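Visitor:
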Amino acid sequence: MILLAFDIRGAFKEFDQALAMLPDAESRAAVMRYKFDNDRQLALASQLLRRYVFVKYYGFEWDTIRFGSMTKGGKPVLLHPHESSSSPSADTSYDFNISHHGHWVILAATDQPGHCVGVDVVTMDTLPSSSSVTELIECFQPQLSPQEQHMLRHHPHPLEAFYGIWALKESYTKAIGVGLYHELNQLNFYNSKEGLIQMSNTGKEQPNLGFHMGWLDEKTLAAVCYDDDKSTLCKDLDDPPLQIGDVFRGRIDRHFRIVTLHDCMSVK
């Protein structure tokens, strides 16, 4: 499994030049439909990063790559490059997923047929002075399982635990391609006795799924959901593991490779 991250801070001083790297008008329009500069930069980084991974790691040609959305939740898929644009189909040899928040864009990809990946990244913004962690958790209570609510009420770092749980829920629903259509309170995330993150769905354990969390900086947490085939996907995502509620202690997640605009330009 490939894990990539793109920090947009200072990356697009020549925005129009970077935008021109996108080979089709549809992709450029998808970037420009956003009103604010930060959102446009995140969208552009997302478009560049998804092309970068297929050129750099899977041998595709930059200008022939096409993407579509073939699931109920809008999960992007790679389309067969030589099929008619009027009836495209997904190339199921690959699966990938992208998330962005704050100033980060992250991507996970696999070339193992039949496997799925999902990611979510969240920047923990400072709460307004009139709010509290308790009020934040109560606001999202309908989307939390009873066990998760109990964890958050008694955890020494409830804010980090809440954002971790939420990112994990999103990574799972994005991996299976349903987005937030899923009943999130049926998903229960917890720290296992073995020190790993595990999940149950409607009370049933999900042993074939693996989860990973890591810090990209002191405020930004990334979560990954993947098929737990460690012989082919990712042999060391659990070494060392970050658990739900762990605070940032100066250790940046080493599993994400940082990609720059220069990297994207070098493979185009």
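In the UniProt record's numbering, the protein residues as written are 1 to 268. All C-beta atoms, glycine included, are put in the ideal place defined by N, C-alpha and C. As the structure is a computational prediction, the values presented were derived from the model and not from experiment.
Which partner residues does Val55 have in the DSSP bridge list?
Guide: Here the question's residue 55 lines up with position 55 in the sequence shown. According to DSSP, which records beta bridges pairwise, Val55 is partnered with nothing at all.
Visitor: In the DSSP assignment, what are the bridge partners of His100?
Guide: To locate residue 100, count along the sequence shown from 1; it is residue 100. BP columns for His100 point to Val105.
Visitor: Have a look at Pro142 and Met199 and give me their C-alpha separation to the nearest angstrom.
Guide: As a position in the sequence shown, residue 142 is number 142, starting the count at 1. As a position in the sequence shown, residue 199 is number 199, starting the count at 1. Distance between the alpha carbons of Pro142 and Met199 is about 18 Å.
Visitor: Contact between the segment 18–27 and the segment 260–268 is defined here as three or more beta-carbon pairs at a separation below 8 Å; is this criterion met?
Guide: Touching, yes, given that three or more Cβ pairs across the two stretches are closer than 8 Å.
Visitor: Going by the DSSP bridge assignment, what does Pro142 pair with across the sheet?
Guide: Position 142 of the sequence shown, counted from the start, is the residue given in the question as residue 142. None; Pro142 has no bridge partner.
Visitor: Since Val133 contacts Leu221 with CB under 8 Å, what's their CB separation in whole angstroms?
Guide: Counting from one through the sequence shown, the residue named residue 133 turns up at place 133. Counting from one through the sequence shown, the residue named residue 221 turns up at place 221. Between Leu221 and Val133 the Cβ distance is about 15 Å, and since that is not below 8 Å, they are no contact.
Visitor: What are the partner residues of Asp95, as DSSP defines its beta bridges?
Guide: For the purposes of this step, residue 95 is identified with residue 95 of the sequence shown, where counting begins at 1. For Asp95, which the question treats as bridged, DSSP gives the partners Thr110.
Visitor: Out of Gly68, Tyr226, Asp95, point me to the one whose CA is closest to Tyr58's CA.
Guide: If you number the sequence shown from 1, residue 58 lands on position 58. The option with the nearest alpha carbon to Tyr58 is Asp95.
Visitor: Starting from Met32, trace the alpha helix (DSSP H) both ways and give me its first and last residue.
Guide: Working through the sequence shown from its first residue, we reach residue 32 at position 32. Per DSSP, Met32 belongs to the alpha helix (DSSP H) from 25–32.
Visitor: Answer with buried or exposed for Val259, where buried requires no fewer than 16 other C-beta atoms within 10 angstroms of its C-beta.
Guide: Counting from one through the sequence shown, the residue named residue 259 turns up at place 259. Burial call: buried.
Visitor: Within a Cβ cutoff of 8 Å, which residues of the same chain sit near Val53, ignoring the five residues on either side of it in sequence?
Guide: Your numbering for residue 53 matches position 53 in the sequence shown. These residues qualify, in order along the chain: Ile2, Leu4, Phe96, Leu107, Ala109.
Visitor: Among residues of its own chain, excluding the 5 on either side of Lys219, which ones have a beta-carbon nearer than 6 Å to its beta-carbon?
Guide: Stepping through the sequence shown from its first residue, residue 219 is reached at position 219. Contacts found: Thr123, Met124.
Visitor: Would you say the segment 205–214 touches the segment 147–160, given that touching needs at least three Cβ pairs under 8 Å?
Guide: The answer is no - the segment 147–160 does not touch the segment 205–214, with fewer than three Cβ pairs under 8 Å.
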